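Structure first, commentary second.
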Amino acid sequence: MAWWRDARFGMFLHWGLYAIPAGEWNGNKDYGEWIRTSAEIPLETYDQLQPKWNPTDFDADAWAEMAAAAGMKYVVITSKHHDGFCLWDSAVTDWDVAGSPNQRDILAELSTACRKHGIKFCTYHSIMDWHHPDYLPRRTWEKDRSTEGADFERFEQYLHAQVTEIITRYHPAVMWFDGEWENTWTHERGVKLFELCRRLAPEMIVNNRVDVHRQGMQGFSGSSEAVGDFDTPEQEIPATGLPGVDWESCMTMNRHWGWNQADTVWKSPETLIRNLIDIASKGGNYLLNVGPRADGTFPPNAVERLAAIADWMKQNSEAIHGTTASVFDALPWGRCTVKAGDDFSALYLHVFDWPKDGQLLLPGLGNQVIEARTLGGAPQAVAAVPSQEGVMLVVPQQPSDPIATVIEVRIEGRPIVYRTPSITAESERFVRGLDVTIATPAADAELRYTSDGSEPTAASPRVQGPVHVADTCTVRAAMFHDGRRRSEVASRTFTRVEPLPPVEVQPSGDGLVLQQAAVDWNTIPDERPELMTKGMLVPQVALPKGVGEHVALSFSGFVDVAASELYRFALSSDDGSKLWIDGKVVVDNDGLHGATEQRGEVALAKGLHQLEVVWFNATGGAELRLKWAAPGQPFAELPAAALKH
Ligand code: FHN
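The sequence shown begins at 89 in the numbering used here and counts up one residue at a time.
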């Protein structure tokens with residue numbers, strides 16, 4: 089991942105047959121690469137675009153040159169988007185450029201041009217394929233397109249064959265999968281495809297959309313079982329980066345991925361450059377999209393923006409490439425990127441709002457400043473004055489770049505930023521014991537703590553990992569350096585609680601009693617309804633096959649708890665659901681909503697405890713999953729052996 093992390097910036101290219109209608113169909117001008125399904129274009133009509141594919145002005149070298157000049161270190165091009173059309177001559181289909189008037193091997197030409205300009209060639213590949221007869225599901229409006237004989241296993245072989253062609257022929261540095269969200273694609277299929285990529289090209293990077301755990305547009309895989317090398321937020325920038333997590337925000341320059349000639353809503357160069365800085369300051373990559381036109385040229389608006397980015401990067405690229413995330417909490421005047429080293433480090437301050445009083449505070453900075461100067465143009469010296477709050481910079485009256493002026497601050501050693509430590513734990517309550525984590529983003533900070541409520545001093549114990557507490561106590565912690573406290577004191581109380589006693593009951597056997605009823609709810613009635621139908625035994629809290637709409641289920645019985653602990657429960661459902669333990673509401677996930685998860689906790693003594701889940705679905709999607717976690721354990725389904733009735 090090293091080259092990818094250093095890159096910080098790449099070009100996305102959405103190009104295919106959809107560029108020919110340029111976003112317009114039957115008078116509607118707001119389509120993009122989804123035009124085939126958004127405009128409900130029958131297959132045989134859309135197929136008529138293939139003989140029109142003739143990008144006579146395609147110039148891979150010009151594309152790669154613009155990308156390289158803008159500081160984009162890699163290019164990701166759609167080898168095949170959802171419409172299934174292939175930008176290379178595929179041996180397993182004629183739905184490709186070889187079947188068009190223009191047989192140029194787009195991927196080969198672009199790969200060569202990227203290599204010439206010293207940037208990486210990468211491919212986007214859609215799993216979803218609206219053209220292949222074996223792909224399911226069909227589009228809902230394709231009533232007359234039979235699914236007779238469609239075989240998704242055979243489609244998966246086709247998909248593997250094409251991915252193999254792309255990898256073995258063009259050697260992309262990244263395989264950027266997409267279109268992974270339909271119910272025919274599963275975690276198991278994702279793992280197989282990921283393993284194919286790893287087998288064919290161990291060095292190739294694969295995004296998280298090969299698997300099914302991307303949580304919508306926020307793009308981060310919310311599962312420890314997910315495969316993929318980086319997360320993929322789309323059209324958004326996360327509020328903060330996640331230490332140790334690789335992620336890339338992909339975004340358009342206007343409102344469309346694929347070329348739309350009517351789209352005049354173009355982001356300004358300032359927005360694009362500040363997006364790049366914001367993302368890099370959070371430790372992520374920015375994948376900025378261009379939708380080339382049918383003739384193979386970039387839209388002029390895109391060319392202008394790439395040139396503006398190139399101008400800024402010409403002066404400031406060292407403050408982006410090879411940097412890592414900011415060491416400060418949010419800075420009111422701009423962003424920070426870092427190049428940390430043992431002997432000295434560079435802090436790059438990207439100033440969006442130039443201070444009128446000529447002063448910029450680096451809050452909590454504890455290092456000795458060697459030198460500070462503006463980047464680009466004629467570098468201007470910047471004075472650095474240590475203060476109680478950190479380091480105050482005295483900057484020139486005027487910024488050198490209105491979009492973002494970069495000040496490089498070279499400091500001795502690795503960055504030390506004094507900030508109040510966080511005190512976190514799985515819960516604030518426990519039965520037997522609890523591990524408490526005291527931390528700041530700077531891993532090597534000197535943190536000292538007390539657990540008797542007294543103020544920590546330079547003589548207090550140093551944090552050397554999780555602190556174990558076994559009785560009710562208040563933990564207090566602060567950051568120290570050279571024998572002095574350098575931050576505020578953080579404080580948090582943890583309470584030992586008595587567990588609910590086990591219920592005295594002799595269970596009849598394994599399994600929970602499931603009852604079902606037709607209901608018209610949009611919330612679970614306050615009193616716990618005794619649902620009408622007689623019960624049936626089920627091994628888990630899970631939706632039976634084919635559960636419909638306007639229905640409520642109740643799962644009741646006992647959970648056999650192996651040890652007295654504080655248990656956390658996670659209940660996710662679409663629509664509403666509630667969990668009771670020993671008659672108390674532990675998780676309330678009630679209401680009309682899509683798949684959402686709520687959590688709760690309860691202290692339980694070893695033995696049997698009454699468990700009940702009520703769930704309902706009004707209309708639309710249906711989901712129900714109950715997980716639990718003992719202290720220090722990951723969330724997991726309740727084991728069937730623990731469920732009794
Ligand atoms: O449906 C696609 C869309 O057309 C585009 O390719 C984006 C870019 O990441 N991905 C999907 C939407 O998440």
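The C-beta atom is built at its ideal place from N, Cα and C for all residues, glycine as well. Computed from a prediction, not measured in an experiment: that's the story for all the values here.
For residue i, the first and last residue of its enclosing alpha helix (DSSP H)
i    : result
N389 : P388 to N404
A148 : A148 to A157
Q552 : Unbroken run through Q552: none, as it is neither H nor E.
Q250 : F240 to Y258
A198 : Before going on, a small fix: residue 198 reads as Leu here, not Ala. Its alpha helix (DSSP H) spans residues I194 to K204.
F173 : No alpha helix (DSSP H) holds F173; DSSP gives it neither H nor E.
E132 : L131 to Y134
L734 : Residue 734 lies beyond the range of the chain shown here (89 to 733); nothing can be said about it.
R93  : A90 to A95
Among the options, nearest to residue i - alpha-carbon criterion
i    : options                   : result
S167 : T228, Y258 and P443       : Y258
R124 : A150, D217, A95 and I165  : D217
I293 : N677, G316 and S510       : G316
E197 : A327, V494 and I165       : I165
L448 : V473, V426 and G454       : V473
Q414 : A434, E313, R713 and T611 : Residue identity differs from the one stated: residue 414 is Ser in this sequence, not Gln. It is A434 whose Cα lies nearest to the Cα of S414.
G541 : C561, S548 and T525       : C561
E291 : M305, W92, K280 and A157  : W92
H526 : Y506, V563, V505 and E543 : The displayed chain sequence assigns Ile, not His, to residue 526. When only C-alpha atoms are compared, the closest one is V563.
M624 : K672, E514, A382 and F643 : F643
S475 : L284, E700 and Y506       : Y506
N116 : S126, A107 and I108       : S126
L330 : F308, N348 and W345       : F308
L699 : G599, V298 and F318       : G599
T581 : P589, T538, E270 and P590 : T538
V690 : G172, V649 and D399       : V649
I499 : H556, A466 and L437       : L437
P490 : R233, R362 and D147       : R362
H220 : A238, W229, D232 and A492 : A238
Y223 : P260, I254, F265 and G172 : G172
V163 : C174, A148, H170 and D177 : A148
T508 : A314, L714, P544 and M160 : P544
N377 : E132, V279, L602 and T340 : T340
D417 : Q191, Q603, G478 and H248 : G478
Residues sharing a beta bridge with residue i, DSSP
i    : result
I495 : L437 and T462
V483 : Partner(s): none; V483 has no beta bridge.
A717 : R656
F582 : C561
V607 : Partner(s): none; V607 has no beta bridge.
V470 : Per DSSP, none; premise fails for V470.
D523 : H556
Y212 : T166 and W264
V673 : W668
G478 : P451 and S475
D489 : DSSP, once it has assigned bridges, lists no residue as partnering D489.
N114 : Paired residue(s): none; N114 is not in a bridge.
K732 : D598 and F646
F432 : E500
Y374 : F97 and S337
S661 : T684 and L712
D184 : C174
F723 : Answer by DSSP bridge pairing: none, since F723 is not bridged.
First and last residue of the uninterrupted beta strand (DSSP E) at residue i
i    : result
A413 : Here A413 belongs to no beta strand (DSSP E), and DSSP marks it neither H nor E.
S126 : Here S126 belongs to no beta strand (DSSP E); instead the alpha helix (DSSP H) covers I123 to S126.
T425 : G422 to K427
A691 : T684 to L692
W703 : G695 to N705
T228 : First-last for T228: undefined, no H or E at that position.
T512 : S510 to T512
Y537 : E534 to T538
For this session: Would you mind listing the alpha helix (DSSP H) stretches within the region 621-658 that are 4+ residues and don't spill past its ends, in chain order?
Result: none
Exercise. Can you give, in chain order, each stretch of the beta strand (DSSP E) that sits fully within the region 264-335 and has at least 3 residues?
Worked result: none
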